[in-house]
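Residue numbers (our numbering): 2 to 453.
Where is the CB? At the ideal position from N, CA and C, for every residue including glycine.
Inspection log for the structure reproduced underneath, given as structure tokens.
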């Protein structure tokens with residue numbers, strides 16, 4: 002919980018302090034790469050740590066992830082230039098990408114199935130405090146003490162989180178001890194090149210989508226797909242692109258879910274500020290509403306998952322995200338009160354809470370014994386690619402509308418429309434997920450939890 006809270010704080014704080022950082026380091030050209038570098042590097046961290054978990058257990062990847070994240074924070078806090086800061090963000094992305102797969106596998110190995118839904122809801126709660134106070138606190142620190150303390154100030158908390166967690170996860174057996182196997186070392190080593198390839202492909206696609214020129218941008222995007230798609234296929238379960246029932250469907254649906262939501266979420270503040278004329282603080286209320294509603298949805302599914310199951314929860318979540326996106330798009334009309342948009346974006350967050358964690362539960366339940374790390378890293382890979390590609394696709398539509406001299410609302414409406422269409426497709430594909438899990442008494446699984 003504390004480790005994921007720290008990851009959330011550093012992710013949300015950077016967006017708040019970047020105007021101050023760019024002004025001091027005097028380099029706006031690399032502004033966007035401060036975010037892109039971290040997101041792309043996290044893809045490598047996610048893929049590599051998944052194989053390491055199955056081979057070595059949880060402790061070594063956990064310590065390695067925290068160590069790399071810490072080095073990245075130190076380098077960022079001391080960065081003399083924007084180029085160095087971008088390099089530091091690469092290290093932070095590598096370290097932060099290692100944390101979610103470790104948390105997922107720890108939950109899968111230590112908790113009985115009946116308690117996993119509650120634990121994932123608790124992890125969603127870890128984003129509430131950073132989402133509510135993180136931007137404000139980091140902004141005050143940056144303006145009064147200096148932005149460097151925003152990075153350096155997290156180091157003591159990382160030490161505390163590591164000291165609290167390491168003794169427990171050290172007792173978790175590696176996959177090789179659980180099933181006598183685990184992935185061969187040759188296959189484990191091959192994951193790194195494929196991770197680099199899929200990252201390069203994603204970078205080309207995002208770069209092409211955000212390029213201001215249609216022809217070069219299209220070539221870059223197509224090249225990225227040609228490079229990254231085969232690597233994605235190698236790193237995900239067979240049948241993922243076809244949404245084969247079970248684990249493959251859960252993996253691809255996570256990517257569709259984050260694509261749909263973040264294709265719109267990235268441009269919610271822009272719609273409220275540039276089109277409706279609100280200030281940054283007021284427009285942030287919509288994002289806070291979505292964060293709180295996401296957590297509420299996570300707790301709803303935690304209490305009802307064993308009775309309702311992943312299929313219905315995920316389908317309902319996609320439909321709810323669709324309704325939220327459509328409701329928020331209504332504020333592009335000046336006649337619609339902004340309050341409706343804030344409520345609607347809270348509805349979209351509720352949909353994410355209903356559907357996000359059930360996909361994690363399906364992944365843990367459907368993963369082969371000893372392959373939980375590989376399965377959860379595939380899920381996180383799809384998750385992160387969905388965020389990157391959704392944000393890039395929305396930005397590309399807005400850029401095209403701006404170049405064509407269309408009205409200011411047209412590009413935003415296009416971005417929201419793409420997100421809504423993907424949400425509709427996800428709702429249809431959700432039927433390929435399993436229904437309610439078989440009921441078991443919690444006491445039957447207590448010896449497994451006790452032995453780790």
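Grouping DSSP H, G and I as helix and E and B as strand, with all else coil, what is residue 437?
For this step, residue 437 is matched to residue 436 along the chain shown. DSSP places residue 437 in coil when its eight states are reduced to three.
On the criterion of 16 or more Cβ atoms from any shown chain inside 10 Å, does residue 227 qualify as buried, or is it exposed?
Here residue 227 corresponds to residue number 226 of the chain shown, with the count starting at 1. The residue in question, residue 227, is exposed, as its Cβ has fewer than 16 Cβ neighbours within 10 Å.
Rounded to whole angstroms, how far is the Cβ of residue 392 from the Cβ of residue 267, which I believe are closer than 8 Å?
One-based indexing of the chain shown puts residue 392 at position 391. One-based indexing of the chain shown puts residue 267 at position 266. Yes, residue 392 and residue 267 are in contact; Cβ-Cβ is about 5 Å, under 8 Å.
Is it a yes or a no for the region 315–333 touching the region 350–365, going by three-plus beta-carbon pairs under 8 Å?
The region 315–333 is in contact with the region 350–365.
Assuming residue 205 contacts residue 224 under a Cβ cut-off of 8 Å, what Cβ separation, rounded to an integer in Å, is found between them?
Within the chain shown, residue 205 is the residue found at index 204, counting from 1. Within the chain shown, residue 224 is the residue found at index 223, counting from 1. About 5 Å separates the two Cβ atoms, so the contact holds.
Just how far apart, CA to CA, sit residue 256 and residue 141?
On the chain shown, residue 256 is found 255 positions in, with the first residue counted as 1. On the chain shown, residue 141 is found 140 positions in, with the first residue counted as 1. Whole-angstrom Cα-Cα distance: 35 Å.
Do the region 412–432 and the region 288–305 make contact, defined as three or more Cβ pairs closer than 8 Å?
No, the region 412–432 does not touch the region 288–305.
Taking only runs that begin and end inside the region 309–366, name each unbroken alpha helix (DSSP H) of 4 or more residues, in chain order.
List check, alpha helix (DSSP H) in window: 311–330.
Using only alpha-carbon positions, find the residue among 157, 137, 133 that is nearest to residue 75.
Reading the chain shown from its first residue, position 74 is the one you call residue 75. When each option's Cα is compared against that of residue 75, the closest is 157.
With burial defined as no fewer than 16 other Cβ atoms inside 10 Å of the residue's Cβ, what is the status of residue 238: buried or exposed?
The sequence position of residue 238 within the chain shown is 237, counting from 1. So residue 238 ends up on the buried side.
For residue 179, name the three-state secondary structure that DSSP assigns.
Mapped onto the chain shown, residue 179 falls at position 178. For residue 179, the pLDDT reaches just 47, beneath the cut-off of 50, and the residue's location in the model is therefore unreliable, leaving the point undetermined.
If you check the beta carbons only, do residue 364 and residue 51 fall under 9 Å apart?
Against the chain shown, residue 364 aligns to sequence position 363. Against the chain shown, residue 51 aligns to sequence position 50. No, these two residues do not count as a Cβ contact at 9 Å.
Starting from residue 383 and walking both ways along the alpha helix (DSSP H), at which residues does that stretch end?
For the purposes of this step, residue 383 is taken as the residue at position 382 of the chain shown. Residue 383 -> alpha helix (DSSP H) spans 373–404.
CB residue 4 to CB residue 232, shorter than 9 Å?
Here residue 4 refers to the residue found at position 3 when the chain shown is read from its first residue. Here residue 232 refers to the residue found at position 231 when the chain shown is read from its first residue. Contact: no.
Between residue 332 and residue 342, how many whole angstroms is the CB-CB distance? I'm expecting something under 8 Å.
As a first step, residue 332 is located in the chain shown; it is residue number 331 there, counting from the start. As a first step, residue 342 is located in the chain shown; it is residue number 341 there, counting from the start. Residue 332 to residue 342, Cβ: 3 Å. Contact.
Do the CB positions of residue 54 and residue 373 come within less than 9 Å of each other?
Stepping through the chain shown from its first residue, residue 54 is reached at position 53. Stepping through the chain shown from its first residue, residue 373 is reached at position 372. In this structure, residue 373 lies closer than 9 Å to residue 54 by Cβ.
Whole angstroms is fine: what's the gap from residue 338's alpha carbon to residue 64's?
One-based indexing of the chain shown puts residue 338 at position 337. One-based indexing of the chain shown puts residue 64 at position 63. Taking the straight line from one Cα to the other gives about 49 Å.
Among residues of its own chain, excluding the 5 on either side of residue 288, which ones have a beta-carbon nearer than 8 Å to its beta-carbon?
As a working note, residue 288 is residue 287 in the chain shown. Cβ neighbours of residue 288 beyond the five flanking positions: 132, 266, 269, 270, 346.
Residue 132 by DSSP, collapsed to three states: which one?
Taking the first residue of the chain shown as position 1, residue 132 is located at position 131. The answer is helix: DSSP assigns residue 132 an H, G or I state.
By the 10 Å Cβ neighbour count, where 16 or more other Cβ atoms means buried, how is residue 436 classified, buried or exposed?
Residue mapping note: residue 436 aligns to position 435 of the chain shown, counting from 1. By the 10 Å Cβ count, residue 436 comes out exposed.
Counting only beta-carbon separations shorter than 9 Å, does residue 157 have a partner in chain D?
Reference to chain D is not applicable here, since this structure consists of a single protein chain.
Less than 9 Å between the beta carbons of residue 99 and residue 49, yes or no?
If you number the chain shown from 1, residue 99 lands on position 98. If you number the chain shown from 1, residue 49 lands on position 48. Result yes, Cβ atoms of residue 99 and residue 49 sit closer than 9 Å.
To the nearest whole angstrom, what separates the beta carbons of residue 37 and residue 220, a pair I think is in contact under 8 Å?
For the purposes of this step, residue 37 is taken as the residue at position 36 of the chain shown. For the purposes of this step, residue 220 is taken as the residue at position 219 of the chain shown. Not really, about 19 Å apart at Cβ, beyond 8 Å.
State the Cα-Cα distance for the pair residue 115 and residue 311, rounded to the nearest angstrom.
Taking the chain shown and counting its residues from 1, one reaches residue 115 at position 114. Taking the chain shown and counting its residues from 1, one reaches residue 311 at position 310. So the two alpha carbons sit approximately 13 Å from each other.
May I have the straight-line CA-CA distance separating residue 240 from residue 249, to the nearest angstrom?
As a position in the chain shown, residue 240 is number 239, starting the count at 1. As a position in the chain shown, residue 249 is number 248, starting the count at 1. Approximately 6 Å, taken between the alpha carbons.
Starting from the C-beta of residue 322, find all residues in its chain whose C-beta is less than 7 Å away, skip the five residues before and the five after it, and write them out in chain order.
As a position in the chain shown, residue 322 is number 321, starting the count at 1. So the list reads 261, 262, 349, 352, 353, 424, once near-sequence residues are dropped.
How many Å lie between residue 138 and residue 370 at the Cα?
The residue you call residue 138 lines up with position 137 of the chain shown. The residue you call residue 370 lines up with position 369 of the chain shown. Looking at the two C-alpha atoms, the distance is approximately 43 Å.
On the criterion of 16 or more Cβ atoms from any shown chain inside 10 Å, does residue 103 qualify as buried, or is it exposed?
Counted from its first residue, the chain shown places residue 103 at position 102. Residue 103 comes out buried.
What are the complete beta strand (DSSP E) segments, minimum 3 residues, inside the region 58–139?
As far as the region 58–139 is concerned, it has no whole beta strand (DSSP E) run of at least 3 residues.
Whole angstroms are fine: how far does the CA of residue 71 sit from the CA of residue 61?
In the chain shown, residue 61 corresponds to position 60, counting from 1. In the chain shown, residue 71 corresponds to position 70, counting from 1. Between residue 61 and residue 71, the C-alpha separation is close to 15 Å.
Can you give the beta carbon distance from residue 258 to residue 395, rounded, assuming they're within the 8 Å contact cut?
Walking along the chain shown from the start, residue 258 turns up at place 257. Walking along the chain shown from the start, residue 395 turns up at place 394. No, residue 258 and residue 395 are not in contact; Cβ-Cβ is about 15 Å, not under 8 Å.
Am I right that residue 264 and residue 159 are in contact with their C-beta atoms under 8 Å? What's the rounded C-beta distance?
Sequence index remark: in the chain shown, residue 264 carries index 263 (1-based). Sequence index remark: in the chain shown, residue 159 carries index 158 (1-based). 32 Å between Cβ atoms; not a contact.
Beta-carbon separation of residue 254 and residue 379 under 9 Å?
For the purposes of this step, residue 254 is taken as the residue at position 253 of the chain shown. For the purposes of this step, residue 379 is taken as the residue at position 378 of the chain shown. Against a cut-off of 9 Å, the Cβ pair of residue 379 and residue 254 comes out as no contact.
Do residue 210 and residue 40 have their C-beta atoms closer together than 9 Å?
Reading the chain shown from its first residue, position 209 is the one you call residue 210. Reading the chain shown from its first residue, position 39 is the one you call residue 40. No. Outside cutoff.
Reducing DSSP to helix, strand and coil, say where residue 195 ends up.
The sequence position of residue 195 within the chain shown is 194, counting from 1. Of the three classes helix, strand and coil, the one that applies to residue 195 here is helix, per DSSP.
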